[in-house]
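First the structure, in the form of structure tokens, and then the observations on it.
Protein chains: 2
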Amino acid sequence: MGRARKKAAASKTKAVHAKKAKAAGKAVKKAVKKATKKTAKKAVRTSKKAPAEAVPLPLPEPQVPSDERRATDRPVRHATAEDMARGQREISVAEFFTKNRHLLGFDNPRKALLTTIKEGVDNSLDACEEAGILPEVKVVVAPGSEEDRFRVTIEDNGPGIVKAQIPKIFAKLLYGSKFHRLKMSRGQQGIGISAAGMYGQLTTGKPVSITSKTSRNKPAHHYELEIDTKKNEPRIIVDETIDWPVDRGTRVEIELEAKYQKGRQSVEEYLEQTAIANPHVSLQFVTPEGEVKDYKRATDQLPAETREIKPHPYGVELGVLIKMLHDTKAQTLQSFLHTDFSRVSMRVAKQISDAAKLYERARPSRIARQEADNLFKAINRTKIMNPPTDCLSPIGEELILAGLKTQIEADFYTAVTRPPSVYRGNPFQIEAGLAYGGSLQSDGLARVLRYANRVPLLYQQSACAMTKSVISTDWRNYALQQSNGALPSGPLIVMVHMASVWVPFTSESKEAVAHYPEIIKEVRLALQECGRRLAVFIRRRRKAAESEKKKAYIQKYIPHVAIALREMLNLSERQEQSLVTQLTDVLERSRS
Amino acid sequence: MGRARKKAAASKTKAVHAKKAKAAGKAVKKAVKKATKKTAKKAVRTSKKAPAEAVPLPLPEPQVPSDERRATDRPVRHATAEDMARGQREISVAEFFTKNRHLLGFDNPRKALLTTIKEGVDNSLDACEEAGILPEVKVVVAPGSEEDRFRVTIEDNGPGIVKAQIPKIFAKLLYGSKFHRLKMSRGQQGIGISAAGMYGQLTTGKPVSITSKTSRNKPAHHYELEIDTKKNEPRIIVDETIDWPVDRGTRVEIELEAKYQKGRQSVEEYLEQTAIANPHVSLQFVTPEGEVKDYKRATDQLPAETREIKPHPYGVELGVLIKMLHDTKAQTLQSFLHTDFSRVSMRVAKQISDAAKLYERARPSRIARQEADNLFKAINRTKIMNPPTDCLSPIGEELILAGLKTQIEADFYTAVTRPPSVYRGNPFQIEAGLAYGGSLQSDGLARVLRYANRVPLLYQQSACAMTKSVISTDWRNYALQQSNGALPSGPLIVMVHMASVWVPFTSESKEAVAHYPEIIKEVRLALQECGRRLAVFIRRRRKAAESEKKKAYIQKYIPHVAIALREMLNLSERQEQSLVTQLTDVLERSRS
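From first to last, the protein sequence lines are chains P and S. Under UniProt numbering, the first sequence has 583 at position 583, and the numbering climbs by one with no breaks. Under UniProt numbering, the second sequence has 153 at position 153, and the numbering climbs by one with no breaks.
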């Protein structure tokens, strides 16, 4: 094809073929000028014509109504600082999350159903465990008032909720008991359940219904609540005392626009995976069709109770230190350091004060910014024990193995619980498990099961530090196939659990863990340990298969060898037979 | 190896080999019980021993100070509903984001520097464009008061900020003018710049400094501000009038803990990519070493001014509709529908009212929930024009090509601007571009450049809907190599831009676009169009290379053919020569 024709073809397809890109350099500025004008024109044209072709909504003919045209065709007036100032307004956190509801896990009706159930179940399990009660949680998804609506009920046997707290817990975002402490729990933000209620209200206009009872001798309280999104405050619709024939517990009901569907990322998958990581929990699920599914507890023993810890000095930023100095109830610097932090003995507190050249009996609130800066540096220069780790409750290698085995039929299982580590002063602990072979699909990529504080994470896999660690581990070292930048492939399930007093999620919907290097490293170390064990298994199995092949091959020739020997040595038929047996025996022994 | 030895080896490596997993099923419940106890014990042991080995902090010998032991070894008391109630508290949005600062893009010192600059530059560009001013923005990163601190200054020639608004804009999260409107702009949340100031305060204890001037005839105002994180309110440290010899503009200075480093995801990369997508902007960058880098504008024309639009009725949820009915200034239902929404003429408003069986002159605030439900359904049954699209300002195919060419030396470039589309009632428009071959690395994965409203997105690539679309496109159809679940490989750069009145980011740090199916689909359509053009180029080039090879091969034999013919036909040497020329000529013509 001639050069000229080539060029013509290229410009026909609008593609730009530029073997001499450098030469084009000078022309760019011109092109840019031209293009700006052209684009501006095009934008106007597009706006009149294109949408009718491109958009999936049901559309009439693109006739612009006459009163509409008048409204939008007036020229744009440029804004002044004063114009802009008039537009400035406070944004309520509820308004913010209404518009950004995908941040809370309410991107689409299917996920909305899962997120609502997850938030409810998380709260129930946290409350039961904190109160030392073996959790029994019932989840009912019933058809709602319209076709695409469902009524979700989550009921537990937990300690119940004090009446005065109910409205704010269920109808105010950023309210709760778990944010201001360092303790391993499922909830931590004070957003989840209110967000679920807000989504219900947004899509169905209906309030959230809560029933709670704190003791057999007290009546149950029943509330119906709405959230005033402009103020982020609860609006009480119903407040009454009712009879509820249980000892104690809480029941939440939310009607929402949702989609119920089985398979990956379904309610069932979430409940199954929850049961695996929480063998002390009894779950019952009633589907919209009325089917009852029971996930019975496998142990009567609650996980080791975790302690609340104080912040570790190494994880505290200067700004937080200044705020703590201002807010503390301690009378002296030394007692402030000792009581408001973990791992600071009176002796270490004195040491820090000295290093900062501050009087240990100084009043904390009187310490100036520059002095705080010195104190901050002194803290980071002083040797302080690592944070305590009895605030963490890992699942444990044995339980991970047991969990994997109940769910997955494989040929090989392994699990690792790493020792605790620290990121930004927060203790955390990583666990990993593998299942390989058996009934698992051998073509396609490995499947990753992620957990944070025993809660399965079903969405945003690719955004998660755990996934990143799985991808960045070189599985080819462990006898698996893996393409660059992808998960390993083969009949493999990888399970990762992070336990921490504060899990750094990438968004409020708590679906993925943020990329802190300490976390990525620990996950990788756990995976490498699992990988080495897997490699031993795979290599042994391959070697065994090869041996088997060779053995079969030799075995085939033993009779012929025997015949040859019989002829050469003039053996009897019986002797020949015995020779075959002996040779086979030798082969067996040498190969096994 | 014997079965017995195999088993022993497996248990040595702690791996569990379970060829007959089903048989193990029964044993699980027992194992679980045993394991629970064992783990509990182990957790206690671990807490005393492990941290010293596992943690990257500088550590003393793990001696538990005596007063510490007393504090933590007391038994855990289970909490009652009343205990839990005492812990319940409101969480200020500033406290929330201090603890979750990775949500805002402040995970680590290097990213913190970039995020701070990005938020400042975004604001400057938005303000200039809205005021119809050609933006000139200067970014200075100077060494700070300590080794790991930097002082960032962002100065623009924008319209300035009215004095009364300065404190809240810079020291209150969730405050701004862009959240409550539908208009394409870089900022949209009212969080960014306050978050940068808060991070500076958190890590250095220093306030943010702002200087702003709205007109040549007025004095400049200078503020130093802190944010009261407990209340999420500004605290004014300095408030004064100063001389600033500019016509108008804003200067923001923030000192923060940061790390300055070149390369991928650096400030330079961000500024370069910003210049590409914003050819009307002049940027100047002064590095900590005092080096000055200029990114000069390539055009004097501002992008087409975008209009603010009203929400489209199809994108409004029931809950929002109820709130709008309650808040509107309109006196009748018909005028409410006409004035508070886009694309609803008085005629269509009457149509909707009729379909909902509501009187069109009804007072909006008097409409009950059930009636609102009917109205909501009526809206979705009524044919309404798509939202207007002059609210969008795409970069345009020519400018994308020009931008790619200035930055990347390749053999092939192409770009596509899709027609506008709609997600959740919000208009958006996707553009894509490719650069292939030339100086691009031919081994390894393709590089993806992502933009949202002309802002380059440098982090969280794997969490982004754009990346998902690139991965889920089958590039093998377009003559490229691609592994399952990975980016295509080869000397390729993929550029994607989303323009919208509301970009749904996966977190407040605005680094990745959420996975709305409509967005993923549009990106894929744009990529497929680009891909088809690329395939034409690659296949043509391959064919040309093959032809060239064949031609060379034939050419080699022409002289021999000529010699043979000369001998057979008794030709003269001149005739032979002419034959060679003729044959070569035929070959040339047949091949070109």
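All C-beta atoms in this analysis are idealised placements derived from N, C-alpha and C, irrespective of residue type, glycine included. Nothing here was measured: the structure is a model prediction, and the numbers come from that model.
- When the Cα atoms are used, Ala171(P) and Ile352(P) turn out to be separated by approximately 44 Å.
- Distance check between Gly444(P) and each of Asn484(P), Pro491(P), Lys549(P) and Lys468(P) places Pro491(P) closest, using alpha-carbon atoms only.
- Taken atom to atom, the span from the alpha-carbon of Thr417(S) to that of Ala127(S) is near 26 Å.
- Per DSSP, reduced to three states, the secondary structure at Ser578(S) is helical.
- In this structure, Val513(S) is the residue among Val513(S), Trp475(S), Met495(S) and Phe150(S) with its C-alpha nearest to the C-alpha of Ala463(S).
- The Cβ of Tyr175(P) sits closer than 8 Å to at least one Cβ of chain S.
- Between Leu103(P) and His515(S), the alpha-carbon positions lie close to 11 Å from each other.
- Looking at the DSSP output, Phe376(S) sits in no beta bridge, so it has no partner there.
- Look at the beta carbons and you see the segment 359 to 366 of chain P not touching the segment 284 to 298 of chain P: under three pairs across the two are nearer than 8 Å.
- Under the rule that a run must span 3 or more residues, the beta strand (DSSP E) segments found entirely inside the UniProt domain "Histidine kinase/HSP90-like ATPase" (108 to 260) of chain S read 136 to 143, 149 to 156, 208 to 213, 220 to 228, 233 to 242 and 249 to 257.
- Val523(S) sits away from Ser439(S), with the two beta carbons spaced by 8 Å or more.
- Neighbours of Ala81(P) in chain S, taken as residues whose beta carbon is under 7 Å from its own, are Pro159, Gly160, Ile161, Val162 and Thr214 in chain order.
- The beta-carbon distance between Ala81(P) and Gly120(S), rounded to whole angstroms, is 17 Å. This is too long to meet the 8 Å contact definition.
- Excluding residues up to 5 positions away in sequence, Leu173, Met198, Ile227, Thr229 and Asn232 lie with their Cβ nearer than 7 Å to the Cβ of Ala94(P) in the same chain.
- Taking each of Val137(P), Gly425(P) and Phe412(P) in turn and checking the Cα distance to Lys99(S), the smallest one comes out for Gly425(P).
- The shortest CA-to-CA distance from Ala79(S) to any of Ile408(P), Ser393(P), Ala112(P) and Gly132(P) is the one to Gly132(P).
- As the crow flies, the alpha-carbon of Glu146(S) is around 9 Å from that of Glu257(S).
- The distance from the Cβ of Ser345(S) to that of Ile309(S) is about 15 Å, inconsistent with a contact at the 8 Å cut-off.
- Counting only runs of at least 3 residues, the segment 389 to 446 of chain S fully encloses the following beta strand (DSSP E) elements, listed from N- to C-terminal order: 412 to 417, 421 to 423 and 426 to 436.
- Listed along the chain, the chain P residues whose CB falls inside 7 Å of the CB of Ala514(S) are His102 and Asp107.
- Contact between Ser509(S) and Gly105(S) holds: their C-beta atoms lie close to 3 Å from each other, under 8 Å.
- Between Glu371(S) and Pro394(S), the CB-CB gap reaches or exceeds 8 Å.
- Contact between the segment 401 to 412 of chain S and the segment 271 to 290 of chain S is present: 3 or more CB-CB pairs across the two stretches fall below 8 Å.
- Within chain P, the residues Leu318 have their CB atoms less than 7 Å from the CB of Thr204(S), given in chain order.
- A distance below 6 Å between beta-carbons, with the five flanking residues on each side excluded, links Leu457(S) to the following residues of its chain, in chain order: Arg450 and Glu511.
- For Asp294(S), the secondary structure class from DSSP, reduced to helix, strand or coil, is strand.
- Residues of chain P with a Cβ closer than 7 Å to the Cβ of Thr115(S) do not exist; the shortest Cβ-Cβ separation is about 14 Å.
- Excluding five sequence positions before and after Leu302(S), the CB atoms of its chain that fall closer than 7 Å to its own CB belong to Glu129, Gly132, Leu134 and His280, given in chain order.
- Using a Cβ-Cβ cut-off of 9 Å, His180(P) is close to Gly87, Arg89, Ile91 and Glu95 of chain S, given in chain order.
- Cα atoms of Asp122(S) and Gln460(S): separation of roughly 19 Å, rounded to the nearest angstrom.
- Burial check for Lys213(S): the Cβ neighbour count within 10 Å reaches 16 or more, so the residue is buried.
- His560(P) sits in a helix when the DSSP states are folded into three classes.
- Cβ contact annotation for Ile166(P) (same chain, cutoff 7 Å, sequence separation greater than five): Ile210, Ser212, His221 and Tyr223, in chain order.
- Flagged as an interface residue toward chain P: Asp373(S), by a C-beta distance shorter than 8 Å.
- Interface flag for Met84(P) against chain S is set, since a Cβ pair is found closer than 8 Å.
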